[in-house]
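Letter 557 of the sequence shown, counting from 1, is numbered 557 in this note's numbering, and no numbers are missing.
Note that CB positions come from ideal geometry on N, CA and C, so glycine has one too.
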Amino acid sequence: MPRDLAFTLAGLRAAYGRGLQPEAVIAEAFRRLDALGDPGIFLHEARAQALAEARALGAPDGRPLWGIPYAVKDNIDVAGMPTTAACPDFAYEATADAFVVARLRAAGAICLGKTNLDQFATGLVGVRTPYPVPRNAIDPALVPGGSSSGSAVAVAQSLVAFSLGTDTAGSGRVPAALNDIVGLKPSLGALSSAGMVPACRTLDTISVFAGSVADAWEVFALTAGFDPADAFSRPLPPPRLASLPEAVTVAVPDAASLRTFGDEAQAAHFHATVERLRAQGAQVREIDLSPFYAVAELLYSGPWVAERVAAVGSRLVTAPETLHEVTRAILTPGLSLSAVDAFNGLYRLQELRRVCAQALEGADFLCVPTIPCFVTRDEIAADPFGPNSRLGTYTNFVNLLDLCGIAVPTGPRADGRPGSLTLLARKGEDGRAAALALRVERAGAAVTLPTDAHGHAPASDEIALAVCGAHMAGLPLNGELTARGGRLLRPARTAPHYRLFSLPGGPPARPGLLRATEGGAAIALEVWALPRAAVGEFLAGIPAPLVIGTVELEDGRTVKGFLCEPHGLKGARDITASGGWRAALAEE
1 MPRDLAFTLA GLRAAYGRGL QPEAVIAEAF RRLDALGDPG IFLHEARAQA
51 LAEARALGAP DGRPLWGIPY AVKDNIDVAG MPTTAACPDF AYEATADAFV
101 VARLRAAGAI CLGKTNLDQF ATGLVGVRTP YPVPRNAIDP ALVPGGSSSG
151 SAVAVAQSLV AFSLGTDTAG SGRVPAALND IVGLKPSLGA LSSAGMVPAC
201 RTLDTISVFA GSVADAWEVF ALTAGFDPAD AFSRPLPPPR LASLPEAVTV
251 AVPDAASLRT FGDEAQAAHF HATVERLRAQ GAQVREIDLS PFYAVAELLY
301 SGPWVAERVA AVGSRLVTAP ETLHEVTRAI LTPGLSLSAV DAFNGLYRLQ
351 ELRRVCAQAL EGADFLCVPT IPCFVTRDEI AADPFGPNSR LGTYTNFVNL
401 LDLCGIAVPT GPRADGRPGS LTLLARKGED GRAAALALRV ERAGAAVTLP
451 TDAHGHAPAS DEIALAVCGA HMAGLPLNGE LTARGGRLLR PARTAPHYRL
501 FSLPGGPPAR PGLLRATEGG AAIALEVWAL PRAAVGEFLA GIPAPLVIGT
551 VELEDGRTVK GFLCEPHGLK GARDITASGG WRAALAEE
């Protein structure tokens, strides 16, 4: 079983085409989970059940998700598994699959278990759980994001090919941004919510996390459909990727209403992303986002707090001790709201909807940062409410305005942290949003870090390691570094006498760096710091013909890094002229 196998739809399908068995893939998924040592990702690990389902698949039968491993947020039912909503006293064993899970099962997908969440899906930080908190896949000091924390981390750590989350106020988008993956939030009613424990019944949707826009879209397209048994299901247009003209019009926050709470790197990265859209032919129009923020305030200061109380039933009154203390503090004000408050809130929302619709007239999309800034676990421990509220700046208003959206990585910011853009469109226009997200994703693949980013030296207990391919930030194997405590030091280039090749085989596609006896060029790479204690395990997983050797950098310094043995270049394609792996990917 290749340990560097990409857990993507294309990667797994290719491996199955070469004869790999689903049982081996499921075993590898749990091996990765064990090696990661993070007890907060899954609340229920269905090891025996998943392996049994893998063995029972038989020969490939043409089903679109045959043998594909995935995970499910633990407020969505999977037959034979417990549903807890991160509240042990609430737990029950599901006797039937949720509608969406049933469609995935019919398509051949295999559920590995149920993932952690902010209790009753109340939160955007991922730490409001009585269970261990999942570790952020990019930086353990950051919150993992919520409420769909475990589902996002499972994808980001390459434990599954995709996962299901839910999204009421941003729970399918905020964790995506914090873990550098794609989060697709469908139009309300596009995915049946039958079999899902609600947070706000009128605003909830199941969401999809994946490593790429294409994977997220395929899962959504396979599970979308009208469900007569779900009163909130809507007969929306069939999910099809739209063909977009080069010149689409995107609305973005103007300078006065762009909120990043002092995070200058976030503001600069957002502006750079917008400029890339403009360079691709988009017409950019700045608008005042203030009315959208006013809509967002209704979610936690208006009658929708009472709807969250309805979701937990009488528990808040009869058994408040069974609730997480922060969840309880958020819900309690809902007990004092009246029917008059509810109607006044609806009236105010309708007024603001009109204002927001007028602001978006003539625009095809609204483009916003997925999150305004990053939040650390220390910050949320010191203040359980303020940082959580900030994370919802660009997400809380979306379902109240009946928009669809998709969060897509946009490459690393100047400080090395991941950038993310959310593309919002009107209900039923999911295919248009995904089509633009594909453009953004392709542009983001070509982004390189500025030369002054993370200009740190490795600590005494770290080794500097140069990576030039799939281990770079935001690419498929980067989790093998971050999971072992790796941190980005700086972007760099080799001395001008190296050649770069695209090696045969994969996925994932891999480059081979070779010192040239004559000629060559400077090749872009990244220098990472890896804890010395983790180096041995990391080296053990490096497949031939790749090796670790000494790489000379453009500034004359040397660093240990990935090289390729010459015998491995048979059938390889010389891509030296691209100048680096990201640029080569962008050219394909």
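Excluding sequence positions up to five away, which residues of its chain have a Cβ less than 6 Å from the Cβ of Ala282?
-> Val248 and Val250
Alpha carbon to alpha carbon, what distance is there between Ala296 and Gly519?
-> 58 Å
Which residues bound the beta strand (DSSP E) around Pro22?
-> First-last for Pro22: Pro22 to Leu36, but that is the alpha helix (DSSP H), not the beta strand (DSSP E).
Using the Cα positions of Pro175 and Ser149, report the straight-line distance between them to the nearest angstrom.
-> 6 Å
Quick one, which of Arg390, Phe365 and Arg417 has its alpha-carbon nearest Gly405's?
-> Phe365
May I ask you to verify whether the stretch 489–499 touches the stretch 525–532, counting CB pairs closer than 8 Å and requiring at least 3?
-> yes
Got a sec? Which residues, its chain only, sit under 7 Å from Gly302 by beta carbon, not counting five neighbours each side?
-> Gly345
Gly536 - DSSP class collapsed to helix/strand/coil = helix
Give me whichever residues DSSP pairs with Thr558 in a beta bridge.
-> Glu552
Where does Arg135 land, buried or exposed, given buried means 16+ other C-beta within 10 angstroms?
-> buried
Can you tell me whether Val309 is buried or exposed, with buried defined as 16 or more other CB within 10 angstroms of its CB?
-> buried
Apply the 10 Å Cβ neighbour rule to Asp4 and answer buried if 16 or more other Cβ atoms are within range, or exposed otherwise.
-> buried
How would you call Glu264, buried or exposed, if buried means at least 16 neighbouring beta carbons within 10 angstroms?
-> exposed
How long is the line joining the alpha carbons of Ala6 and Gln280, rounded to whole angstroms?
-> 30 Å
Using three-state DSSP, classify Gly580 as helix, strand or coil.
-> strand
Counting pairs of beta carbons, one from the stretch 342–356 and one from the stretch 152–164, are three or more of them closer than 8 Å?
-> no
Pick out the complete beta strand (DSSP E) segments inside the stretch 237–313, 3 residues or longer, and give them in chain order.
-> 249–253 and 283–287
Out of curiosity, what's the CA-to-CA distance linking Asp139 and Ser338?
-> 43 Å
Using three-state DSSP, classify Thr115 as helix, strand or coil.
-> strand
Contacts around Val447, its chain only, beta-carbon distance under 6 Å, and the 5 residues preceding and following it disregarded = Residue placement at Val447 is poorly supported in this model, since its pLDDT is 45, which falls under 50; the coordinates still yield a value, given next. Once the five neighbours on either side are set aside, the close Cβ partners of Val447 are Gly411.
Which ranges would you report for the beta strand (DSSP E) in the stretch 461–485 if only whole runs of at least 3 residues count?
-> 462–467
Is the beta carbon of Tyr498 sitting closer than 8 Å to the one on Arg510?
-> no
Which stretch, first to last residue, makes up the alpha helix (DSSP H) that contains Thr327?
-> Glu325 to Leu331
Whole alpha helix (DSSP H) runs in the stretch 51–113 with 4 or more residues, listed along the chain?
-> 99–106
Continuous alpha helix (DSSP H) stretch holding Thr205: start and end = Not the alpha helix (DSSP H): Thr205 falls in the beta strand (DSSP E), residues Thr205 to Ala210.
Residue of Ser233, Thr260, Arg285 and Glu246 minimising C-alpha distance to Asp254 = Arg285
Burial state of His471, where buried means 16 or more other Cβ atoms lie within 10 Å = buried
Tell me the DSSP bridge mates of Ala492?
-> Leu525
Distance between beta carbons of Gly146 and Thr160, contact taken as under 8 Å = For clarity, residue 160 is Val in the given sequence; the question names Thr instead. With a Cβ gap of about 18 Å, Val160 and Gly146 do not count as contacting.
Cβ of Arg173 within 8 Å of Cβ of Thr395?
-> yes
Of the choices Pro238, Pro132, Ala121 and Arg532, whose alpha-carbon is the least far from that of Val305?
-> Ala121
Are three or more beta carbon pairs between the stretch 81–101 and the stretch 21–41 nearer than 8 Å?
-> no
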